[in-house]
Amino acid sequence: GEDVEQSLFLSVREGDSSVINCTYTDSSSTYLYWYKQEPGAGLQLLTYIFSNMDMKQDQRLTVLLNKKDKHLSLRIADTQTGDSAIYFCAESRNSGNTPLVFGKGTRLSVIA
Amino acid sequence: DAGITQSPRHKVTETGTPVTLRCHQTENHRYMYWYRQDPGHGLRLIHYSYGVKDTDKGEVSDGYSVSRSKTEDFLLTLESATSSQTSVYFCAISEQVAGPNYGYTFGSGTRLTVV
Chain A
42 GEDVEQSLFL SVREGDSSVI NCTYTDSSST YLYWYKQEPG AGLQLLTYIF
92 SNMDMKQDQR LTVLLNKKDK HLSLRIADTQ TGDSAIYFCA ESRNSGNTPL
142 VFGKGTRLSV IA
Chain B
11 DAGITQSPRH KVTETGTPVT LRCHQTENHR YMYWYRQDPG HGLRLIHYSY
61 GVKDTDKGEV SDGYSVSRSK TEDFLLTLES ATSSQTSVYF CAISEQVAGP
111 NYGYTFGSGT RLTVV
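The listed protein sequences correspond, in order, to chains A and B.
Counted the way our numbering counts, the first sequence spans residues 42 to 153.
Counted the way our numbering counts, the second sequence spans residues 11 to 125.
Here you go:
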């Protein structure tokens, strides 16, 4: 199937904002997700957004959704060293009737 | 994570041998999944289950089989391991296949090396 696209690496300075981008494939995707993977661990759900929303904010996290361009972004404000991890976006294709499809992941490195 | 465990955590096996990985959950979730994680490929679905004895193939199912005889256990078998199956394998569970508040809970992974 078509890939969910993400850039592979992002490096930011501590205290700056990080923006991780994702392009998904299915215009009927009802839910879109961001997961975080810390070294040696499984993925953890960070946040999700419904396709009928443009934006969702949760503390330091802001998710933006552009359905026309099938573009999803995750902004992390005041990035900390503990935010260093791999971030995956995921889409629920076929109107949510099939398992999530994940992107390749973006490795975020935070420089102190 | 509490509620889902994978075993073994690490395994080294020889080419051509059968290998079985186990995923065990205590959440009574209907859906269970096996993904593999490889550099440059991210996470790819191998097989998933939507109930006892109900399974379906994912994107990269060739060379793998699964079984789910009980709600809590989902087994992944490599019938004859090959070097291309060297990977980190993750099991995940969920109440629904997708939807609001239905995020997947992932296990800690099994690192499999085929020599």
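C-beta: ideal position from N, C-alpha, C; glycine also.
Query                                                                                                                                                            : Result
Around the C-beta of residue 19(A), are 16 or more other C-beta atoms found within 10 angstroms, so that it is buried, or is it exposed?                         : Here chain A comprises residues numbered 42 to 153, so residue 19(A) is not present and cannot be evaluated.
When the Cα atoms are used, what is the spatial distance from residue 93(B) to residue 40(B)?                                                                    : 32 Å
Alpha carbon to alpha carbon, how far is residue 126(A) from residue 14(B)? Give it in angstroms, no decimals.                                                   : 22 Å
What separation, rounded to the nearest whole angstrom, lies between the Cα atoms of residue 18(B) and residue 38(B)?                                            : 21 Å
Using 8 Å as the threshold, is the C-beta distance between residue 102(A) and residue 115(A) below it?                                                           : yes
Any Cβ of chain B within less than 8 Å of the Cβ of residue 139(A)?                                                                                              : yes
Can you name, in chain order, every residue of its own chain whose Cβ lies under 6 Å from the Cβ of residue 148(A), other than the five neighbours on each side? : 50, 127
Taking the Cβ atom as the reference point for each residue, do residue 83(A) and residue 116(B) lie within a distance shorter than 8 Å?                          : yes
Are the C-beta atoms of residue 107(B) and some chain A residue less than 8 Å apart?                                                                             : yes
Against chain B, does residue 118(A) count as a neighbour if the rule is that its beta carbon must be under 8 Å from one of theirs?                              : no
Along the chain, where does the beta strand (DSSP E) that runs through residue 121(B) open and close?                                                            : 120-124
So which residues of chain B does residue 144(A) contact, with C-beta pairs closer than 8 Å?                                                                     : 52
Run through chain B and tell me which residues come within less than 8 Å of residue 129(A), C-beta to C-beta.                                                    : 52, 53
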